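There are 2 protein chains.
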Amino acid sequence: MNLLLLSPDQISDNCALIHGRQLEHLLAVQRAEVGDKVRLGLVNGLMGEGLIRELDDQRITLDITLDIQPPTPLPLTVVLALPRPKMLRRTLQTIAAMGVKKIYLINSSRVEKSFWQSPFLKPEALEEQLILGLEQARDTVMPEIFLRKLFKPFVEDELGEIVAGSKALVAHPIAAAACPVDSQSPITLAIGPEGGFIPYEVEKLIEVGFESVHLGPRILRVENAVPALISRLFPS
Amino acid sequence: MNLLLLSPDQISDNCALIHGRQLEHLLAVQRAEVGDKVRLGLVNGLMGEGLIRELDDQRITLDITLDIQPPTPLPLTVVLALPRPKMLRRTLQTIAAMGVKKIYLINSSRVEKSFWQSPFLKPEALEEQLILGLEQARDTVMPEIFLRKLFKPFVEDELGEIVAGSKALVAHPIAAAACPVDSQSPITLAIGPEGGFIPYEVEKLIEVGFESVHLGPRILRVENAVPALISRLFPS
């Protein structure tokens, strides 16, 4: 955790109250003490610093100053075939940590039906992973996640509007073109499941304006393809 | 697993024998049957295809053809502060999957001493992770791993020779320069532990020719920094 991400209800009169997971982390991992300074930020707001005023095993009270803008969001929408639950959590943390603010989790032929039953898809579980990603990266702006359980209606009825005004790329191991470096335009990036989108799905994506791109001769897992693609598209 | 990586002792007379982990994977995940074709490769050799001739729950016999060169290795040496054991395994898989062939695992002030006691540092455990990475990526060339438990003698006595003929970069969140894109020269890339190299260590690296570079305003975990850095340096 490189930043303590606070919700508005934790703050009053320039003073923040810490409990639960964040308290445990400050005590056990950072071994916080009265007088220590802690980096923090308000969800969807400014970042700054907190000075620990009081501390016990129930809660920590901090005097806070919020005066730093969070990093600029990436002009990138990620459309991701739902990964298996364990990988979903890591991948959401990664996507949040890298500055993506809009994520569509979609179905695909190679997504196992059972993945859609995962408790990790509950709103509070998704939010938890996004918060962990923001706290890792030092950012405050919460990404939005949209779940789309049906591939065809999503692509036919909704995706056209999502990609409008952006360059739309689908990562595909057997694409002819390499993924571009340092994109100067907003991007909509589609990433398939392990095993890739099936040809029908790639065709449907191409119909709404996607161009298929590869990442080189080696096949990467989703958890590595995500940072590899984003870092190449937006080398800030 | 996108490629079955075979050791020489599994092969005789254009015929390969599969057992153990690879057998289990073929049967349980890929649901292999007689007559199926499987991509495979010989450790440090060619890649090609195998045709399943016989199959039972003890072993699979394949007729093999090896006629494809593995992907070109990256001209990149990674010098990595030893991550915690769980992350080490994932990170080694990633490094192997991305085409790195030389890895130094080194000590740093923020590496916990206990990490060096991990059973995952045994040669056969390291090799297992590298094989998983190569099988994911479709590559056959085994990376070499070197363990260096003492930072100062490694940097002072050995690192100068390692970086000779390459551009040496150390990833550091507060560096002035951004990590370059599309390097045209061989690279030696140093990556610190969670929390980063301490200033003394960065100074020592700079003394032997390293330049410190950042990955943008967000702080990434080692497991994401590795694919992000490599993909940016070598966008093949």
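Residue numbers (our numbering), protein chains in the order written: chain F, 1 to 236; chain V, 1001 to 1236.
In this text, a Cβ means the ideal position worked out from N, Cα and C, and glycines have one as well.
Quick caveat, the model's predicted, so the values are computed rather than measured.
For the region 1219-1236 of chain V, which residues have a CB atom closer than 9 Å to at least one CB atom of chain F, in sequence order?
I1219, L1220, R1221, E1223, N1224, A1225, V1226, P1227, A1228, L1229, I1230, S1231, R1232, F1234, P1235, S1236
Measure from the C-beta of R138 (chain F) to each C-beta in chain V and report whether the shortest distance is under 8 Å.
Here residue 138 (chain F) corresponds to residue number 138 of the first sequence, with the count starting at 1. Taking Cβ atoms only, chain V reaches closer than 8 Å to R138 (chain F), which makes this a yes.
Between which two residues does the alpha helix (DSSP H) holding M1098 (chain V) run?
As a first step, residue 1098 (chain V) must be located in the second sequence, where it is residue number 98. No alpha helix (DSSP H) holds M1098 (chain V); DSSP gives it neither H nor E.
Using a Cβ cut-off of 8 Å (strictly closer), state whether D67 (chain F) contacts chain V.
Locating residue 67 (chain F) in the first sequence gives position 67, where the first residue counts as 1. Taking Cβ atoms only, chain V never reaches closer than 8 Å to D67 (chain F), which makes this a no.
Proximity winner among V:L1130, V:R1059, V:S1109, relative to Q1093 (chain V) (alpha-carbon distances)
By one-based count along the second sequence, residue 1093 (chain V) stands at place 93. Checking every option, the nearest Cα to that of Q1093 (chain V) belongs to V:L1130.
Scan the region 1088-1102 of chain V for residues whose Cβ lies nearer than 9 Å to a Cβ of chain F and list them as they occur along the chain.
R1090, Q1093, T1094, A1097, M1098, G1099
Once you ignore the five residues that flank A1225 (chain V) on each side, which residues in its own chain have a CB closer than 8 Å to its CB?
For the purposes of this step, residue 1225 (chain V) is identified with residue 225 of the second sequence, where counting begins at 1. Same-chain partners within the cutoff: A1171, I1191, L1215.
Which of the three DSSP states is assigned to M1 (chain F) in this structure?
Working through the first sequence from its first residue, we reach residue 1 (chain F) at position 1. The answer is coil: DSSP assigns M1 (chain F) none of H, G, I, E or B.
Alpha carbon of V79 (chain F) to alpha carbon of I106 (chain F), nearest angstrom:
Locating residue 79 (chain F) in the first sequence gives position 79, counting from the first residue. Locating residue 106 (chain F) in the first sequence gives position 106, counting from the first residue. Taking the straight line joining both Cα atoms gives about 7 Å.
For S1109 (chain V) versus E1033 (chain V), is the C-beta distance shorter than 8 Å?
For the purposes of this step, residue 1109 (chain V) is identified with residue 109 of the second sequence, where counting begins at 1. For the purposes of this step, residue 1033 (chain V) is identified with residue 33 of the second sequence, where counting begins at 1. No, the pair does not count as a contact, with Cβ atoms beyond the cut-off.
In angstroms, rounded to a whole number, what distance separates the CA positions of V1100 (chain V) and L3 (chain F)?
Taking the second sequence and counting its residues from 1, one reaches residue 1100 (chain V) at position 100. Taking the first sequence and counting its residues from 1, one reaches residue 3 (chain F) at position 3. In a straight line, the C-alpha of V1100 (chain V) is about 32 Å away from that of L3 (chain F).
Contacts that V181 (chain F) makes with chain V (C-beta to C-beta distance below 7 Å):
Taking the first residue of the first sequence as 1, we reach residue 181 (chain F) at position 181. Result: V1181, D1182, P1235.
So, do the region 38-50 of chain F and the region 202-210 of chain F have three or more beta carbon pairs nearer to each other than 8 Å?
no
G1035 (chain V): buried (16+ other C-beta within 10 angstroms of its C-beta) or exposed?
Against the second sequence, residue 1035 (chain V) aligns to sequence position 35. So G1035 (chain V) counts as exposed.
If we call anything under 8 Å between Cβ atoms a contact, is I1219 (chain V) one with Q136 (chain F)?
Taking the first residue of the second sequence as position 1, residue 1219 (chain V) is located at position 219. Taking the first residue of the first sequence as position 1, residue 136 (chain F) is located at position 136. Cβ atoms of I1219 (chain V) and Q136 (chain F): closer than 8 Å.
State the beta-bridge partners of R1039 (chain V) as determined by DSSP.
In the second sequence, counting from the first residue as 1, residue 1039 (chain V) sits at position 39. R1039 (chain V) is bridged to V:E1049.
Let me see if you follow: with CB-CB separation under 8 Å, is P1071 (chain V) close to chain F or not?
In the second sequence, counting from the first residue as 1, residue 1071 (chain V) sits at position 71. True, the Cβ-Cβ gap to chain F drops below 8 Å.
Where R53 (chain F) falls, given that 16 or more other Cβ within 10 Å makes a residue buried
By one-based count along the first sequence, residue 53 (chain F) stands at place 53. So R53 (chain F) ends up on the exposed side.
Let me make sure I understand the geometry here. Which of F:E112, F:V29, F:R21, F:I11 has the alpha-carbon closest to that of P193 (chain F)?
The residue given as residue 193 (chain F) occupies position 193 in the first sequence. Out of F:E112, F:V29, F:R21, F:I11, F:E112 has the C-alpha closest to the C-alpha of P193 (chain F).
Members of the region 1156-1181 of chain V near chain F, C-beta cut-off 8 Å:
A1178, C1179, V1181
Is it right to say S1114 (chain V) is buried, meaning 16 or more other beta carbons lie within 10 angstroms of its own, or is it exposed?
Taking the first residue of the second sequence as 1, we reach residue 1114 (chain V) at position 114. Exposed, by the Cβ-count rule.
Quick one: is A1176 (chain V) buried, meaning 16 or more other Cβ sit within 10 Å of its Cβ, or exposed?
In the second sequence, counting from the first residue as 1, residue 1176 (chain V) sits at position 176. Counting Cβ neighbours within 10 Å, A1176 (chain V) comes out exposed, since fewer than 16 surround it.
Identified DSSP bridge partners for D1013 (chain V)
Here the question's residue 1013 (chain V) lines up with position 13 in the second sequence. Per DSSP, none; premise fails for D1013 (chain V).
So, is the C-beta of N1044 (chain V) closer than 8 Å to a C-beta in chain F?
To locate residue 1044 (chain V), count along the second sequence from 1; it is residue 44. N1044 (chain V) does not count as touching chain F.
Are the region 1179-1186 of chain V and the region 1152-1162 of chain V touching by the rule of at least three beta carbon pairs closer than 8 Å?
no
Between the C-alpha atoms of D1013 (chain V) and L1051 (chain V), what's the straight-line distance to the nearest angstrom?
For the purposes of this step, residue 1013 (chain V) is taken as residue 13 along the second sequence, with counting starting at 1. For the purposes of this step, residue 1051 (chain V) is taken as residue 51 along the second sequence, with counting starting at 1. If you take the alpha carbons of D1013 (chain V) and L1051 (chain V), they lie about 14 Å apart.
So, at 6 Å on beta carbons, what are the nonlocal neighbours of K37 (chain F) in its own chain, with the 5 sequence-adjacent residues on each side left out?
One-based indexing of the first sequence puts residue 37 (chain F) at position 37. Within the same chain, K37 (chain F) has close Cβ partners E49, L51.
Which same chain residues, not among the five before or five after S1118 (chain V), have their C-beta less than 6 Å away from its C-beta?
Position 118 of the second sequence holds residue 1118 (chain V). The answer, listed in chain order, is P1085.
Which term fits Q1058 (chain V), buried or exposed, when burial requires 16 or more other beta carbons within 10 angstroms of its beta carbon?
Here residue 1058 (chain V) corresponds to residue number 58 of the second sequence, with the count starting at 1. Exposed, by the Cβ-count rule.
List the residues of chain F whose Cβ lies closer than 7 Å to the Cβ of G1216 (chain V), in chain order.
Looking up residue 1216 (chain V) in the second sequence gives position 216. Near G1216 (chain V) (Cβ distances below 7 Å), the residues of chain F are S236.
Ranges of the alpha helix (DSSP H) found wholly within the region 125-170 of chain F, counting only runs of at least 4
160-163
Per-residue burial, Q22 (chain F) [other beta carbons within 10 Å of its own, 16 or more giving buried]
What you label residue 22 (chain F) is simply residue 22 of the first sequence in a count that begins at 1. It counts as buried.
From V:T1065, V:P1173, V:I1011, residue whose alpha carbon lies closest to that of G1195 (chain V):
Your numbering for residue 1195 (chain V) matches position 195 in the second sequence. Of the listed residues, the one whose Cα sits closest to G1195 (chain V) is V:P1173.
Residue range of the beta strand (DSSP E) that includes S185 (chain F)
The residue given as residue 185 (chain F) occupies position 185 in the first sequence. Run containing S185 (chain F): none; DSSP gives neither H nor E here.
Answer yes or no: do I162 (chain F) and T91 (chain F) have a C-beta to C-beta separation smaller than 8 Å?
Your numbering for residue 162 (chain F) matches position 162 in the first sequence. Your numbering for residue 91 (chain F) matches position 91 in the first sequence. For I162 (chain F) and T91 (chain F), no; Cβs fall outside 8 Å.
H25 (chain F) - DSSP class collapsed to helix/strand/coil:
Translated into the one-based positions of the first sequence, residue 25 (chain F) becomes position 25. Here H25 (chain F) sits in helix by DSSP.
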